[in-house]
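Residues in the sequence shown are numbered consecutively from 80, following this note's numbering. The C-beta atom is built at its ideal place from N, Cα and C for all residues, glycine as well.
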Amino acid sequence: MTSITLARALKLKNRLAGQLMKIGTRAVQHNSFVQDTHTPYDSISVFQEYRDIRDQLVELKSKIQVANGTIHEKIARMGEYRSEVALLNSMSVTEGKVVEPRYGEGQDTIRVYVAAIGKTARDKNVTALEDGIDALQDEIDSHNATTKIDLTFNI
Numbered sequence: 080m081t082s083i084t085l086a087r088a089l090k091l092k093n094r095l096a097g098q099l100m101k102i103g104t105r106a107v108q109h110n111s112f113v114q115d116t117h118t119p120y121d122s123i124s125v126f127q128e129y130r131d132i133r134d135q136l137v138e139l140k141s142k143i144q145v146a147n148g149t150i151h152e153k154i155a156r157m158g159e160y161r162s163e164v165a166l167l168n169s170m171s172v173t174e175g176k177v178v179e180p181r182y183g184e185g186q187d188t189i190r191v192y193v194a195a196i197g198k199t200a201r202d203k204n205v206t207a208l209e210d211g212i213d214a215l216q217d218e219i220d221s222h223n224a225t226t227k228i229d230l231t232f233n234i
């Protein structure tokens with residue numbers, strides 16, 4: 080049994096996911112070949128390797144999820160804060176007179192825009208959310224560095 084921190088487990092999860100994709104592609108690409116020719120990989124043994132890594136990845140993801148149970152709300156909140164930052168940053172904050180060309184009519188139009196949430200208010204909201212994201216990330220990083228999980232496979 081191998082004991083690792085969540086921080087290391089998250090890196091391992093990404094590495095295993097990459098290996099799984101690479102090995103799956105290898106099995107698919109080399110499964111069918113011209114008779115009496117050579118293929119560099121045996122798809123049957125490659126698929127067994129795929130299944131072994133898949134099982135390790137399932138175990139790892141499951142244990143990460145259980146270990147993150149105590150901070151799941153923080154993870155979810157951070158994700159929602161990030162979504163709100165993206166939403167706010169995409170928001171138009173145009174205010175005042177704007178000359179808009181009118182193609183085909185030969186005459187520009189002047190429009191007066193009003194923003195319910197102005198640029199400075201939007202920027203303050205974004206800054207506050209980013210500060211919240213940083214604080215949550217620090218808590219999550221601390222959790223990941225100190226929480227350990229036990230794996231049934233060697234890494």
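Check                                                                                                            : Outcome
Reduced DSSP secondary structure (H/G/I, E/B, other) of glutamate 174                                            : coil
In chain order, each beta strand (DSSP E) run of at least 3 residues that lies wholly inside the stretch 171-233 : 175-179, 188-192, 227-230
Valine 145 burial status per 10 Å Cβ neighbour count (16 or more: buried)                                        : exposed
Close Cβ partners of asparagine 223 (< 7 Å) along its chain, the five nearest in sequence each way excluded      : Thr84, Leu85, Ala86, Leu89
Coarse secondary structure for serine 82, derived from DSSP in three states                                      : strand
Every unbroken alpha helix (DSSP H) inside the stretch 81-153 [4 residues or more]                               : 85-108, 122-146
Residues near glutamate 128 by beta carbon distance below 8 Å, same chain, minus five either side                : Ile102
Cβ-based burial, isoleucine 189 [other Cβ within 10 Å; buried from 16]                                           : exposed
Whether isoleucine 234 touches threonine 81 by CB criterion (8 Å)                                                : yes
CB contact flag (valine 172, isoleucine 196, <8 Å)                                                               : yes
Nearest to isoleucine 150 (by Cα), restricted to the options Thr231, Asp217, Leu230                              : Asp217
The stretch 123-143 contacting the stretch 105-114, beta-carbon criterion three pairs below 8 Å                  : yes
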